[in-house]
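Using the numbering used here, you'd call the opening residue of the sequence shown number 53 and step up by one each time.
C-beta: ideal position from N, C-alpha, C; glycine also.
Here the structure comes first, spelled out in structure tokens, and everything after it is commentary.
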Amino acid sequence: MSQITESADPSLQDYLTVALGNDLFGIKVALVHEVLDPPAMTRVPNAPSFAPGLINVRGNVLPLIDLRNRFGMEPTEDTETSRVIVSEVSSSGETFHVGIKTDAVFEVIHVRTGEVEAMPEYGTRWPSRYLDGVVRQDDRFVVLLDVERLLEDA
53 MSQITESADP
63 SLQDYLTVAL
73 GNDLFGIKVA
83 LVHEVLDPPA
93 MTRVPNAPSF
103 APGLINVRGN
113 VLPLIDLRNR
123 FGMEPTEDTE
133 TSRVIVSEVS
143 SSGETFHVGI
153 KTDAVFEVIH
163 VRTGEVEAMP
173 EYGTRWPSRY
183 LDGVVRQDDR
193 FVVLLDVERL
203 LEDA
């Protein structure tokens, strides 16, 4: 497990970049508790398809969010680069942790508040209600996730 620290500059937001296939996403570092190799998952009957089961992280039972499923992408088997991000979320006034399954984890990027653009209504394949926006990083776009909204409709 590696330590992830935030920038002290209030005009900057730090995001941990993760991959789903060839797409690059960002999760606010402030919400990231840790990054793990994928632990074994226990399936839960009648659970929503995007949160198919539970994982055990040092004695704590957490729901596992499958981002590929949430975004309508083809499922894949875990690989040596697959990771689970343990993230803090709030819902209905309660704060708890969830695991978020990703294909790979890369680096922390620093994003100035004014650099974030709204997601276009057309031309994207991800539901905009789960996204905070998009930012250009070098020659690629990073889609910024709203982790708490990923749990909507659960």
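Which residue wins for smallest C-alpha separation from residue i, given the options the options?
| i | options | result |
| --- | --- | --- |
| residue 96 | 115, 70 and 72 | 115 |
| residue 73 | 100, 156 and 98 | 156 |
| residue 148 | 199, 90 and 75 | 199 |
| residue 202 | 75, 69 and 79 | 79 |
| residue 67 | 137, 146 and 178 | 137 |
| residue 169 | 112, 188, 104 and 94 | 188 |
| residue 81 | 139, 113 and 119 | 139 |
| residue 160 | 196, 179 and 118 | 196 |
| residue 181 | 132, 141 and 122 | 122 |
| residue 193 | 144, 142 and 163 | 163 |
| residue 100 | 179, 118 and 132 | 118 |
| residue 64 | 171, 186 and 166 | 166 |
| residue 124 | 179, 173, 142 and 141 | 179 |
| residue 84 | 132, 75 and 141 | 141 |
In the DSSP output, what is residue i paired with across the bridge?
| i | result |
| --- | --- |
| residue 135 | 154 |
| residue 162 | 66 |
| residue 185 | 196 |
| residue 169 | 186 |
| residue 143 | 146 |
Among residues of its own chain, excluding the 5 on either side of residue i, which ones have a beta-carbon nearer than 6 Å to its beta-carbon?
| i | result |
| --- | --- |
| residue 110 | none |
| residue 70 | 77, 154 and 157 |
| residue 184 | 196 and 198 |
What does a CB cutoff of less than 7 Å around residue i pick up in its chain, not counting 5 residues either side in sequence?
| i | result |
| --- | --- |
| residue 91 | 107, 108, 109 and 136 |
| residue 143 | 200 and 203 |
In its own chain, which residues sit with a C-beta less than 8 Å from the C-beta of residue i, not counting the 5 before and 5 after it?
| i | result |
| --- | --- |
| residue 53 | Bear in mind that the predicted position of residue 53 carries a pLDDT of just 48, short of 50, making it unreliable; the figure below should be weighed with that in mind. Here the set comprises 86, 87 and 88. |
| residue 134 | 89, 90, 153, 154, 155 and 156 |
| residue 104 | 93, 95, 96, 116, 118 and 121 |
Quick check: is any heavy atom of the ligand NAP less than 7 Å from the C-beta of residue i?
| i | result |
| --- | --- |
| residue 105 | For the ligand NAP, the structure offers nothing, since it holds no ligand at all. |
Using 8 Å as the threshold, is the stretch 153-170 in touch with the stretch 118-132, meaning 3 or more CB pairs across them? When Cβ pairs closer than 8 Å are counted between the two stretches, the stretch 153-170 is seen to touch the stretch 118-132, the count reaching three or more.
Length at least 4, wholly inside the stretch 59-130: the alpha helix (DSSP H) runs in chain order: Listed in chain order, they are 119-122.
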